[in-house]
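If you read the sequence shown in numbering that gives the first Met the number 0, its first letter stands for residue 0, the second for the next number, and so on. In this text, a Cβ means the ideal position worked out from N, Cα and C, and glycines have one as well. Only a predicted model underlies this, so the values are computations on that prediction, with no experimental measurement involved. I have placed the structure first, in the form of structure tokens, so that the comments after it can refer back to it.
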Amino acid sequence: MNKKLKVGDYFGLNLADGSFIIGRLIFDPTQKAVQEDGHHNFTFVQDCYLIQVYKGIHKEFDEKKLSSLETLIPGLYIYKSAFYKKLYKPNWQYLGHKKINLDEVDFPMVISNAEKYYFQYGEINIPIAMEEDLDIRRTTHTTQSQVIIMALHYMERDDIIRKDYFMPKTFLEKADVRFAEEQLQNRIFNMTGINLTKSYHELALEHGFDLSRFYK
0 MNKKLKVGDY FGLNLADGSF IIGRLIFDPT QKAVQEDGHH NFTFVQDCYL
50 IQVYKGIHKE FDEKKLSSLE TLIPGLYIYK SAFYKKLYKP NWQYLGHKKI
100 NLDEVDFPMV ISNAEKYYFQ YGEINIPIAM EEDLDIRRTT HTTQSQVIIM
150 ALHYMERDDI IRKDYFMPKT FLEKADVRFA EEQLQNRIFN MTGINLTKSY
200 HELALEHGFD LSRFYK
């Protein structure tokens, strides 16, 4: 597959039996608008795409059904090289394109440590009083095989994960607050005041960041 993905593109990650899992490129940290803005939160993911992964294992796909896909993993960083470098044996297919709905864009929620601890969510940075037993750290950067493993795991299909794939001891529960145990989530949200009933787009606006500037 030689095609370069663009923001809004849907793709299929192929499984051994010819079926595939559907993902979508929702944000590219190296796109011109992001680079010109120069926000440091995206510095550490310059070699990644932000993708969404959807529920379901598909044998074929009708582009007309893109709107009916149900999100499984709302935002996950994957190495760009996983799509293009032969070393990583990229095995994917282009499925279609649809304009991004800003209210559907979501980023990993992570805890970063740069002298102080911060709750980091896209462009949002909120300092927190870190507790020693707060067992969650910065987000995971993945490869295609790791995305497949995570998708199958969260669809409760560990039984069809290839035996030669490395199975992690933990999945996103230790790398993304959105997947952490509810008790841990509540502690972090109480510290930050984040209102999860709002989309990332709405929350970013409240913190002075307009996501739409990256999608013009």
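For this session: Using the Cα positions of PHE19 and TYR76, report the straight-line distance between them to the nearest angstrom.
Result: PHE19 and TYR76: Cα-Cα distance of roughly 19 Å.
Problem set entry | N- and C-terminal bounds of the beta strand (DSSP E) containing ARG23 | Per DSSP, ARG23 belongs to the beta strand (DSSP E) from 19-26.
Exercise. Identify the residues that DSSP records as bridge partners of MET108: which are they?
Worked result: Under DSSP, the beta-bridge partners assigned to MET108 are TYR120.
Exercise. Which residue from ASN40, PRO107, TYR93, ILE125 puts its Cα closest to that of MET190?
Worked result: Checked all of ASN40, PRO107, TYR93, ILE125; the closest Cα to MET190 is ILE125.
For this session: Identify every run of the beta strand (DSSP E) within the region 39-96, keeping only runs that are complete inside it and at least 3 residues long; order them along the chain.
Result: Counting whole runs of 3 or more residues, the region 39-96 contains the beta strand (DSSP E) stretches 47-53, 70-78, 91-96.
Exercise. When the Cα atoms are used, what is the spatial distance from LEU204 to GLY121?
Worked result: Using only the alpha carbons, I get a separation of about 12 Å.
For this session: Give me the Cβ distance between THR70 and GLN51, rounded to the nearest whole Å; I'm assuming they're in contact under 8 Å.
Result: Their Cβ separation, rounded to whole angstroms, is 6 Å, which keeps THR70 and GLN51 in contact under 8 Å.
For this session: Determine the extent of the alpha helix (DSSP H) in which LEU151 is found, giving its start and end residues.
Result: The continuous alpha helix (DSSP H) containing LEU151 extends over residues 143-153.
Exercise. If we call anything under 8 Å between Cβ atoms a contact, is PRO73 one with ASP46?
Worked result: With contacts defined by Cβ atoms closer than 8 Å, PRO73 and ASP46 do not form a contacting pair.
Exercise. Around the Cβ of THR169, are there at least 16 other Cβ atoms within 10 angstroms (buried) or fewer (exposed)?
Worked result: So THR169 counts as exposed.
Exercise. Where does LEU195 land, buried or exposed, given buried means 16+ other C-beta within 10 angstroms?
Worked result: So LEU195 counts as exposed.
For this session: Would you check if the distance between the CB atom of LYS54 and the CB atom of MET154 is smaller than 8 Å?
Result: The answer is yes: Cβ separation under 8 Å.
For this session: Kindly identify the DSSP beta-bridge partner or partners of PRO126.
Result: Bridge partners of PRO126: TYR117.
Exercise. In the structure shown, what three-state DSSP assignment does HIS200 receive?
Worked result: Residue state, collapsed to three classes: helix.
Problem set entry | Which listed residue (ALA174, TRP91, MET166) has its alpha carbon closest to that of ASP8 | Of the candidates ALA174, TRP91, MET166, the residue whose Cα lies closest to the Cα of ASP8 is TRP91.
Problem set entry | Helix, strand or coil at ASP8 [DSSP, three-state] | Under the three-state reduction of DSSP, ASP8 is assigned to strand.
Problem set entry | 8 Å Cβ shell around ILE215 - same chain, five flanking residues per side excluded | Looking at the sequence provided, one finds Lys at residue 215 rather than Ile. Closer than 8 Å at the Cβ level, and outside the excluded window around LYS215, lie ALA32.
Exercise. Thinking just about the alpha-carbon of each residue, which of VAL109, ILE127, ASP209 is nearest to the one in LYS115?
Worked result: Considering only alpha carbons, the answer is ILE127.
For this session: May I ask which residues mark the beginning and end of the alpha helix (DSSP H) holding LEU183?
Result: Element bounds for LEU183: 181-191.
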